[in-house]
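The structure appears below as structure tokens.
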Amino acid sequence: MTDRLTFDQAYELTDILINKVTKDQLAECARLLALNLAHHQIKQGEIPVDQTLALLRSFERSEEHLNLLMEGMLNLIGVLVNVSGDALNQTRH
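For the sequence shown, the working numbering assigns the number 29 to the initial residue and increments by one for each residue that follows.
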């Protein structure tokens, strides 16, 4: 048994979290991720959106590609959990 989250599991978890947060929380998530991207762009240079979309839609997945996708999903999960606060805990019984 592995303790590592697979990309498919991470993707599914993001869908679950997105469905549980409010529209305002999702907007806050987008704002935070935009700030993270802006910080990266200032430090490292611009990331071409067309190349990023091509990676996301690609069927051929190298280890480097999977690592990039996984880091993106983990960033999204972290921000969604952060902005949701107690909203996720209130749905558990």
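Cβ atoms here follow ideal geometry from the backbone N, Cα and C, with glycine treated the same way.
So, at 7 Å on beta carbons, what are the nonlocal neighbours of residue i in its own chain, with the 5 sequence-adjacent residues on each side left out?
i, result
"R32", "none"
"L94", "F35"
"M98", "F35, A38"
Take the Cβ of residue i as the centre, count every other Cβ of all protein chains shown within 10 Å, and call the residue buried at 16 or more, exposed below.
i, result
"V111", "buried"
"Q79", "exposed"
"L63", "exposed"
"V77", "exposed"
"Q53", "buried"
Residues in the same chain with beta-carbon distance under 8 Å from residue i, minus the five sequence neighbours each way, listed in chain order, please.
i, result
"L61", "N103, L104, V107"
"G65", "The amino acid at residue 65 is misidentified as Gly; the sequence shows Leu. Hits under 8 Å: I75."
Suppose only complete runs of 4+ residues qualify. What are the alpha helix (DSSP H) ranges in the region 40 to 87, listed by chain order? 51 to 72, 77 to 85
Does the region 76 to 90 come into contact with the region 41 to 58, if we say contact requires no fewer than three beta-carbon pairs (one atom in each stretch) closer than 8 Å? no
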